[in-house]
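Chains as they are written, first to last, in UniProt numbering: chain A, 1 to 447; chain B, 1 to 437.
In this text, a Cβ means the ideal position worked out from N, Cα and C, and glycines have one as well.
Down below is the structure, laid out as structure tokens.
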């Protein structure tokens with residue numbers, strides 16, 4: 001019964017990824033462009049995606065939001081295309097296009113009839129090294145980005161609270177800075193900032209092309225050579241070298257009240273390891289831990305303790321996604337019932353975690369989750385766009401195709417002992433940020 | 001009993017002649033339940049979309065929110081199983097049943113593996129025929145619904161939506177939130193919930209779409225098992241809403257940095273001879289892409305918003321032309337001025353030949369791309385049935401769009417876009433914006 005609850009869970013727990021969902025072919029062009037082809041011939045359509053190994057966590061300090069702002073500007077003029085012509089051409093061909101930016105990647109995609117693939121490649125190649133920005137586009141698009149920030153964040157106290165918690169979670173790592181940028185920095189971004197970021201990070205040697213749908217790998221290779229193969233590698237591209245978090249020694253606690261809050265809740269995140277190439281086992285154990293502890297609002301350990309056995313909470317969850325280049329977070333959230341204070345809710349949450357550590361894994365629960373993991377491999381085959389995104393996000397987060405394909409089996413092989421070992425390690429309060437989102441006028445003080 | 005209709009999915013678009021064929025089979029079960037099926041055996045699962053017409057609009061007087069609360073409880077225990085046991089059984093089969101309700105319909109979106117389909121159907125049958133509505137589950141889900149309502153009360157989007165609907169639809173169920181109010185939901189009893197279930201879950205208003213690994217004869221047997229024990233008759237539908245709208249600007253003061261604007265006026269009926277012309281006109285005016293006039297003028301040229309669109313919305317009981325955007329408090333007045341100008345412009349001048357050609361190639365080319373997997377196909381099949389389309393619509397739809405002429409658009413735009421009836425509801429602290437009643 002998640003649908004009534006307005007609390008936004010920051011990350012969706014993806015139980016499994018694809019394995020043999022589609023026929024997968026990959027190759028590398030001489031200029032460094034990685035190419036992945038996912039064949040699915042059920043419908044004559046194709047998803048064409050260009051993923052760059054650069055995201056907001058690769059921004060220089062002081063220009064937060066530049067990765068996302070540049071993503072917007074990539075729809076403006078290039079040497080060959082007028083401003084707006086890219087999307088207009090896609091639409092004229094019956095397709096749709098868009099783009100998205102995250103901490104670790106920026107991606108551009110189109111979905112069209114498969115006989116339009118060549119046209120998509122011609123245009124995408126044009127903006128890989130031929131972006132031709134002018135001042136007039138820059139100013140209005142920056143206003144658009146500010147309105148996007150207003151819509152997503154400034155108008156949403158839950159989102160503002162999330163930004164503050166993330167900033168507290170990461171002491172030095174840029175994951176603590178919002179993808180869309182701090183408002184004062186995003187407002188001040190310039191043409192020079194955008195061009196400099198583009199010249200530093202865009203090029204075939206920092207990109208992954210994913211083509212999914214009714215295509216033949218040989219044909220994709222021929223077209224990719226023709227349009228992308230001729231672009232020289234960008235010599236400015238350097239391996240990503242992010243700062244390392246210092247040891248986190250002190251637990252952080254913060255509270256935020258806003259008159260626009262209608263429902264209080266408590267949320268805690270712990271610093272957590274991510275999936276690493278060739279070493280995904282701990283992340284797999286954490287994925288199953290989140291599922292067992294708080295993955296279902298009816299059958300999870302949290303639901304049982306906090307919503308059924310007692311009625312402390314009207315909603316509770318645990319969340320974790322290991323898809324990240326650097327360390328990520330494992331989170332818990334409890335929305336208290338009416339009359340239950342945040343202090344009581346937090347105490348009940350801690351007690352439930354302690355009870356879980358005491359009780360260990362219920363094998364029937366684990367078996368049900370394994371059934372769902374196996375089934376997700378079947379269901380995943382039906383959603384090609386999601387499959388393409390799984391590969392793109394995995395490859396830009398430091399994983400290999402083999403890692404991505406091995407993931408369902410690694411999940412299936414996780415034992416109860418693995419899960420408990422991960423649990424014993426993860427709940428370290430010195431690594432944790434606890435946040436209370438409060439209604440205005442609430443008398444409660446955070447302990 | 002099983003009639004097969006072949007509907008080749010064709011596009012005669014200039015640009016993107018997709019060659020896919022979706023073969024819709026019209027299935028009637030031995031017990032007389034009808035469904036549409038697209039059989040696709042390559043992946044071993046099936047998606048079912050089951051839709052009961054008459055959703056939250058069936059809430060009786062004074063019981064607002066009861067259909068929403070009831071829908072949230074259908075999966076919370078059925079037959080011999082309490083809420084947790086039911087969820088365990090469902091998860092153990094890796095099946096998924098999603099119950100949702102809108103103003104006009106209650107939907108069940110189902111996904112089941114071929115390997116254990118019979119067991120999944122039996123479990124779902126329990127929920128549809130023998131939901132328990134246990135007292136503890138009622139209280140648990142009621143608390144969740146109340147929490148959602150409390151959050152919504154301070155959400156500018158929700159406030160704008162509510163203010164607009166209340167003004168336009170008045171006492172019709174569309175005029176109030178389908179979640180109900182804190183007071184109405186607190187007062188609902190278990191008897192109210194049982195009654196709300198009986199009001200909607202009946203054979204006379206059920207529609208089914210299926211896509212995936214199942215044959216027509218298998219589907220027929222499944223339908224009888226799943227739905228055969230439901231009663232025949234549902235509660236009467238509320239009837240048409242009297243749409244009461246006048247041009248102007250309504251401001252709801254709310255302390256937040258960005259104003260949220262909803263706008264709308266009366267729309268056009270789905271069976272109007274000019275519906276397709278109106279549909280194409282609105283795609284050009286406020287359609288999904290960045291290419292629409294509203295997006296070009298408000299976002300691309302002036303940077304006044306992150307997103308703006310206008311939509312022809314055909315509720316069962318009202319036809320509307322609606323839209324929304326959000327702009328910083330000091331810029332929303334300018335954005336509203338631009339929208340008004342565009343409204344008057346298209347009403348007076350229609351669109352250009354180039355705009356029409358581009359909209360046609362987009363719409364006809366994009367249509368086949370919607371048939372993207374078993375779940376989306378099952379939903380499309382149900383949507384078509386509920387508005388009385390026939391399977392050959394999949395072919396004729398693009399022909400209808402191609403047939404729209406510049407004159408058609410000019411005629412329909414002059415009739416459809418009514419600047420004098422365009423109402424804005426703005427929630428925020430808009431600067432330099434006057435209320436106009």
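Reference residue i; option with closest CA among the options
i: residue 318 of chain A; options: A:349, A:104, A:343, A:336; result: A:349
i: residue 253 of chain A; options: A:375, A:445, A:31, A:51; result: A:445
i: residue 240 of chain B; options: B:170, B:77, B:352; result: B:170
i: residue 320 of chain A; options: A:150, A:24, A:422; result: A:422
i: residue 227 of chain A; options: A:364, A:281, A:130, A:387; result: A:130
i: residue 231 of chain B; options: B:203, B:251, B:258, B:248; result: B:203
i: residue 32 of chain A; options: A:208, A:87, A:187, A:71; result: A:208
i: residue 86 of chain B; options: A:409, A:358, A:299; result: A:299
i: residue 337 of chain B; options: B:165, B:284, B:422; result: B:422
i: residue 280 of chain B; options: B:154, B:62, B:399, B:97; result: B:399
i: residue 315 of chain B; options: B:348, B:379, B:383, B:335; result: B:383
i: residue 169 of chain A; options: A:69, A:157, A:249; result: A:249
i: residue 438 of chain A; options: A:54, A:43, A:161; result: A:161
i: residue 314 of chain A; options: A:361, A:265, A:287; result: A:265
i: residue 29 of chain A; options: A:155, A:232, A:158, A:141; result: A:232
i: residue 359 of chain A; options: A:424, A:405, A:46; result: A:424
i: residue 98 of chain B; options: B:437, B:375, B:206; result: B:375
i: residue 307 of chain B; options: B:262, B:274, B:158, B:349; result: B:262
i: residue 71 of chain B; options: B:183, B:101, B:91, B:47; result: B:101
i: residue 132 of chain A; options: A:119, A:80, A:92, A:120; result: A:80
Per DSSP, the bridge partner or partners of residue i
i: residue 204 of chain A; result: Partner(s): none; residue 204 of chain A has no beta bridge.
i: residue 111 of chain B; result: B:47, B:96
i: residue 360 of chain A; result: BP columns for residue 360 of chain A are empty, so no partner.
i: residue 48 of chain A; result: A:110, A:211
i: residue 267 of chain B; result: Paired residues: none, contrary to the question.
i: residue 311 of chain A; result: DSSP output for residue 311 of chain A lists no bridge partner at all.
i: residue 313 of chain B; result: B:320
Rounded Cβ spacing between residue i and residue j (contact assumed at less than 8 Å)
i: residue 179 of chain B; j: residue 301 of chain B; result: Rounded, the Cβ-Cβ distance is 38 Å, inconsistent with contact.
i: residue 306 of chain A; j: residue 257 of chain A; result: With a Cβ gap of about 23 Å, residue 306 of chain A and residue 257 of chain A do not count as contacting.
i: residue 93 of chain B; j: residue 44 of chain B; result: About 13 Å; that fails the 8 Å criterion.
i: residue 340 of chain B; j: residue 402 of chain B; result: In fact, because the Cβ distance is near 32 Å, the residues do not count as touching under 8 Å.
Same chain, Cβ closer than 6 Å to residue i, neighbours up to 5 away in sequence not counted
i: residue 322 of chain B; result: 264, 311, 313
i: residue 126 of chain B; result: 78, 79
i: residue 310 of chain A; result: none
i: residue 351 of chain B; result: 284, 409
i: residue 50 of chain B; result: 108, 208
Contacts around residue i, its chain only, beta-carbon distance under 7 Å, and the 5 residues preceding and following it disregarded
i: residue 133 of chain B; result: 73, 190, 193, 194
i: residue 431 of chain B; result: 329, 330, 333
i: residue 185 of chain A; result: 62, 63, 64, 65
i: residue 116 of chain B; result: 93
i: residue 219 of chain B; result: 27, 35, 37, 210
i: residue 70 of chain A; result: 194, 197, 198
i: residue 243 of chain A; result: 172, 173
Proximal residues to residue i (C-beta, below 8 Å), its chain only, five neighbours per side dropped
i: residue 122 of chain B; result: 225
i: residue 135 of chain A; result: 191
i: residue 165 of chain A; result: 254, 267, 269, 433, 435
i: residue 341 of chain A; result: 444
i: residue 410 of chain A; result: 280, 281, 284
Closer than 8 Å to chain D by CB, residue i
i: residue 59 of chain B; result: Structure shown: chain D not included; protein chains present are A and B.
Residue i beta carbon near the ligand SAM (any heavy atom closer than 7 Å)
i: residue 308 of chain B; result: Among the ligands in the structure shown, none appear at all, so the ligand SAM cannot be discussed.
inquiry  = Does the structure place the stretch 102-111 of chain B close enough to the stretch 50-69 of chain B that three or more beta carbon pairs sit under 8 Å?
reply    = The stretch 50-69 of chain B vs the stretch 102-111 of chain B: in contact.
query = Does the count of Cβ pairs from the stretch 95-105 of chain A and the stretch 172-179 of chain A closer than 8 Å reach three?
reply = yes
task = Say whether the stretch 269-278 of chain A touches the stretch 320-331 of chain A, bearing in mind that this needs 3 or more beta-carbon pairs closer than 8 Å, one atom from each stretch.
result = By the C-beta criterion, the stretch 269-278 of chain A is judged to be in contact with the stretch 320-331 of chain A, since at least 3 inter-stretch pairs fall below 8 Å.
query = Between the stretch 367-377 of chain B and the stretch 286-300 of chain B, do three or more beta carbon pairs fall short of 8 Å?
reply = no
ask   = Within the chosen definition, does the stretch 28-45 of chain B reach the stretch 275-286 of chain A through at least 3 CB pairs nearer than 8 Å?
value = no
Touch test, the stretch 210-219 of chain A against the stretch 34-44 of chain A, Cβ-Cβ under 8 Å, three pairs minimum = yes
ask   = Would you say the stretch 335-342 of chain A touches the stretch 389-396 of chain A, given that touching needs at least three Cβ pairs under 8 Å?
value = Under the Cβ criterion (8 Å, minimum of three pairs), the stretch 335-342 of chain A does not count as touching the stretch 389-396 of chain A.
request  = Say whether the stretch 412-420 of chain B touches the stretch 142-158 of chain B, bearing in mind that this needs 3 or more beta-carbon pairs closer than 8 Å, one atom from each stretch.
outcome  = Output reads no: the stretch 142-158 of chain B does not touch the stretch 412-420 of chain B.
request  = Determine, using beta-carbon pairs with one atom in the stretch 187-205 of chain A and one in the stretch 70-85 of chain A, whether at least three such pairs fall under 8 Å.
outcome  = yes
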